[in-house]
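**Q**
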Amino acid sequence: MDQIIKIQQLSASYDGKPALKNITAEIPENRITAIIGPSGCGKSTLLRAINGLLWQEAGAAVSGSVLLCGTDTKTISPEELRRRIGLVFQTPSPFPFSIYKNLTYGPLYFGHPTKAQLQARAEEVLKATGLYEEVKNDMKKSALKLSGGQQQRLCIARALTVDPQVLLLDEPCSALDVKNTQIIEELLLQMKKDRTVVIVTHNIAQAQRIADKVLFLYEGSLLEEGSAEELFACPRHEKTKEFLSGRIG
Amino acid sequence: MKTKDKLIRLWAYGSMAAVLAIIAFLFLYVFARGYKTVSWEFLTKAPAGAVLGMEGGIFPAIMGSLAFTLTAVVIGGIPAVAAAVFVVFYCKSKVVGTVIKMIIECIAGIPSIVLGLFSYSLFVRDLQWGRCILSASMALGIMVLPFIEVRAEKAFRELPPSMIASSYALGCSRFYTVSRIVLPACRGELVSGIILGACYAMGATAPMIFTGAVAFAKVPTGLLQPAMALPLHLYLLIAQGATSLDTAFGTAFVMMALILISNILATLYARRRSSQWTRS
Chain A
-13 MDQIIKIQQL SASYDGKPAL KNITAEIPEN RITAIIGPSG CGKSTLLRAI NGLLWQEAGA
47 AVSGSVLLCG TDTKTISPEE LRRRIGLVFQ TPSPFPFSIY KNLTYGPLYF GHPTKAQLQA
107 RAEEVLKATG LYEEVKNDMK KSALKLSGGQ QQRLCIARAL TVDPQVLLLD EPCSALDVKN
167 TQIIEELLLQ MKKDRTVVIV THNIAQAQRI ADKVLFLYEG SLLEEGSAEE LFACPRHEKT
227 KEFLSGRIG
Chain B
756 MKTKDKLIRL WAYGSMAAVL AIIAFLFLYV FARGYKTVSW EFLTKAPAGA VLGMEGGIFP
816 AIMGSLAFTL TAVVIGGIPA VAAAVFVVFY CKSKVVGTVI KMIIECIAGI PSIVLGLFSY
876 SLFVRDLQWG RCILSASMAL GIMVLPFIEV RAEKAFRELP PSMIASSYAL GCSRFYTVSR
936 IVLPACRGEL VSGIILGACY AMGATAPMIF TGAVAFAKVP TGLLQPAMAL PLHLYLLIAQ
996 GATSLDTAFG TAFVMMALIL ISNILATLYA RRRSSQWTRS
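These protein sequence lines map, in sequence, to chains A and B.
According to the working numbering, the first sequence is numbered sequentially starting from -13.
According to the working numbering, the second sequence is numbered sequentially starting from 756.
(1) Once DSSP output is grouped into helix, strand and coil, what is the label at A/Gln(-5)?
(2) Secondary structure at A/Leu154, three-state DSSP: helix, strand or coil?
(3) Leaving out the 5 sequence neighbours to the left and right, which residues in its chain are closer than 8 Å to A/Ala214 when beta-carbon positions are compared?
(4) From A/Glu43 to A/Thr31, what distance separates their C-alpha atoms?
(5) How close, in whole Å, do the beta carbons of A/Tyr0 and A/Ala46 come, if the pair is a contact with beta carbons under 8 Å?
(6) So what does DSSP say about A/Asn8, is it helix, strand or coil?
(7) How many Å lie between A/Lys178 and A/Asp(-12) at the Cα?
(8) Beta-carbon within less than 6 Å of A/Phe218's beta-carbon, same chain only, minus the 5 sequence neighbours each way: which residues are those?
(9) By Cβ distance below 8 Å, which residues in the same chain neighbour A/Leu132 in space, the five residues on each side in sequence not counted?
(10) What residues of chain B sit near A/Glu65, judged by a beta carbon separation below 8 Å?
(11) Can the beta-carbon of B/Glu904 be found closer than 8 Å to that of B/Ile859?
(12) If you measure from the CB of A/Val148, is any heavy atom of the ligand NAP nearer than 7 Å?
(13) The beta strand (DSSP E) spanning A/Leu54 covers which residue range?
(14) Anything in the segment 36 to 63 of chain A with a Cβ closer than 7 Å to a Cβ of chain B? List those residues in chain order, please.
(15) Closer than 8 Å between beta carbons: that is the criterion. Which residues of the segment 857 to 877 of chain B meet it against chain A?
(16) Just curious, the alpha helix (DSSP H) that A/Tyr95 is in, first and last residue?
(17) Please confirm if A/Ser(-1) has its CB atom under 8 Å from at least one CB of chain B.
(18) For the beta strand (DSSP E) that contains A/Thr182, what are its first and last residues?
(19) At 4 residues or longer, and completely inside the segment 771 to 824 of chain B: list those alpha helix (DSSP H) runs for me, N to C.
(20) In chain order, what residues of the same chain lie with their CB nearer than 6 Å to the CB of B/Phe965, ignoring the 5 residues before and after it?
(21) Tell me the rounded alpha-carbon separation between A/Lys225 and A/Glu210.
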């Protein structure tokens, strides 16, 4: 199994307060990696470090490195890095345009595609996220008028329009109902055929259902990592056991 | 506790009623005294009479005021929006952001007559532009700059941060994000802020007395000409005493109507735009 991302001795702090402490980990290619841990343990910070957003945040001091396919991400331009590593946020955040314009926003920035190419790309990502049948006759409808679950799937579709190698998702289902959560989980399982998925989740059951590999963070440190079966079946660290049993959360 | 609640409520409602009554009385008084003077001729003719303004109309003053206002809004509005974009989306240093905020607050605190004096000494005399629309509009532009900047900055800060972050996360640059998402999404607030700034500039007299507005001029055809302006015309009519008080009220009527209509249009536009945001 190839490791597409290597995180090496990554530490980060906000205004002197440590958020990540000396993290070293690897993310396997074409697999789903789940980052779990109690609230405020640095899961989202780690995600933002992977796609380089953390380096640009005011008040954030970062050391260590993240390698994408063996290249230090600091040597890749921020735009190129984020095109290759997409990020979907916790709250569905469609742009205040039509569904179609949401999906052409990225491709128009990175090139000069023809109308036919744009249309084809939009349809492709809508099909990939299972939204196509629901919105195919309403492509000009405001994206803000979609339901929460549809908006989140649109955000995933929008992230796919620029064809990222890795897709990071920051608790994408925390604001959604069971049905939409299930749709997104199926979608992620489909997606790992073509790309690597890293998902931050608070939901242990969700990580168990979809993850191949799991990283357990606690107070900014990576306490345990391993394959999903291994980590859930016999956690080694005391804190992991407490977290999985629901005693800390 | 209940009596206290009632008293506070009474005080709040009473104050609101008093404020509304004062505003309504002011408008009604000016409109009642002014409406007889306002006619098609008054709106389309130049002032005339032995004492200027006793007869004729205020057409050059209306056109002059529009020219001053439009130029001022361009001069002040563009840097105001640009400053707001910089502070919200580009400025990473807290110190620089605080300094810019302080400068803008300082500009907002400059008395308008001082801006008039500054513009007079720099543009009218030193740069020899003379008394003209451009000189006056520079002073008016500086005056409306903080007014527009504050509104633009507020609109930008109210955008959902995750929406902006989503654009960056796609790999798009700040410029692309600002031009394709931020400015279109805030168009309602920006236009309404600019119109309100225009109303503010239209009512100001002090910055233009020495710099561009004159007692009588034809309808301006260029920015380097002096022009009449409604507030200065109003001031001169009142200064002339009882003989031209009716035309003064007529002029006040027109000025207030222009500002009121602009205000209503700005509010409606901003509301229509913001309603497009909400999920229906």
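By construction, the Cβ of each residue, glycine as well, lies at the ideal position given by its N, Cα and C atoms.
**A** In this structure, then:
(1) strand
(2) DSSP places A/Leu154 within a strand segment (E or B) once states are collapsed to three.
(3) Ala20, Ala193, Gln194, Ala197, Asp198, Lys199, Val200
(4) 11 Å
(5) 6 Å
(6) strand
(7) 14 Å
(8) Gln194
(9) Same-chain partners within the cutoff: Pro80, Ile85, Val121, Leu140.
(10) Gly926, Cys927, Ser928
(11) yes
(12) For the structure depicted, the ligand NAP is absent and the ligand set is empty, with no information on it obtainable.
(13) 46 to 54
(14) Asn37, Leu39, Ala44
(15) none
(16) 85 to 96
(17) Under the Cβ distance rule, A/Ser(-1) does not count among the residues neighbouring chain B, no pair being separated by less than 8 Å.
(18) 182 to 186
(19) 795 to 799
(20) Non-local beta-carbon contacts of B/Phe965 in its own chain, meaning distances under 6 Å to residues more than five positions away in sequence, involve Gly871, Tyr875 in chain order.
(21) 9 Å
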